[in-house]
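Take the position in the sequence shown, starting the count at 1, then add 19; the result is the number in my numbering. Data block below; observations after.
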Amino acid sequence: MTRYVVGRVSELPPGSVRIVPANNPQGIGVFNVRGTYYALKNVCPHQGGPLCSGPITGTTVAVQEPGAAPSFAWVRDGEIVRCPWHRWEFDITTGRTVFTSRMRVATYRVEVETFRVTTEDGLVVLEA
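In structure tokens, the structure reads:
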């Protein structure tokens with residue numbers, strides 16, 4: 020396994036991403052989510068878009084309170100990356116899509132690769 024120094028901890032504050040040209044031509048996005056580092060392959064499994072170049076955001080979920088009209092709530096702010104090509108959303112901490120639906124079409128196994136990220140002596144280090 021190859022190790023890459025991503026940069027100093029101070030250079031990757033919470034809510035940020037740095038794309039590292041490691042392990043593949045598209046690179047790997049290293050994210051800081053509230054002080055914890057995660058890494059995703061910079062390729063959207065939908066159509067190959069530059070996933071980690073998309074906005075870091077939250078997502079909406081349906082809410083149904085007893086006796087109230089259905090509504091939506093904003094959740095998981097700073098934990099979701101949205102592909103800039105077709106707006107597919109992925110959980111930065113797991114690499115999984117955030118959407119679910121009762122409607123189904125043929126499915127195929129697709130995953131966004133994740134990589135181990137640590138800190139050493141004030142540096143963020145990616146293992147890929």
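Note that the Cβ used here is the ideal one computed from N, Cα and C, for glycine as well.
Which partner residues does Ala81 have in the DSSP bridge list? Phe91
With which residues is Asp110 paired in a DSSP beta bridge? Ile99
Neighbourhood of Phe50 by C-beta distance below 6 Å, restricted to the same chain and skipping five residues each side: Val36, Tyr57, Ile111
Quick one: what does DSSP say Leu142 is sitting in, helix, strand or coil? strand
Tell me which residue opens and which closes the beta strand (DSSP E) that Phe50 is part of. 47 to 52
Please list the terminal residues of the continuous beta strand (DSSP E) segment that includes Arg22. 22 to 27
What residues in its chain sit with their C-beta under 8 Å from that of Ser167, if we drop five residues either side in the sequence? Given a span of 20 to 147 for the chain in the structure shown, any question on residue 167 remains unanswerable.
Taking Ala41 as part of the beta strand (DSSP E), name the residues at either end of that continuous run. Ala41 -> no beta strand (DSSP E), and no H or E assigned at all.
Using CA atoms only, rank isn't needed, just tell me which of Val39, Ile75, Val24, Ala147 is closest to Gly97. Ile75
Suppose you measure from the CA of Leu40 to the CA of Arg22; what does that come to, to the nearest Å? Here residue 40 is Pro; the residue named in the question, Leu, does not match the sequence. Computed Cα separation, rounded: 12 Å.
Pro102 to Glu84 span [Cα, whole Å]: The question names Pro, but residue 102 is Cys in the sequence shown. Those two C-alpha atoms are separated by around 31 Å.
Where the beta strand (DSSP E) through Leu59 begins and ends: 55 to 60
Can you give the beta carbon distance from Gly34 to Cys71, rounded, assuming they're within the 8 Å contact cut? Not quite, the Cβ-Cβ distance comes to about 14 Å (not below 8 Å), so this is no contact.
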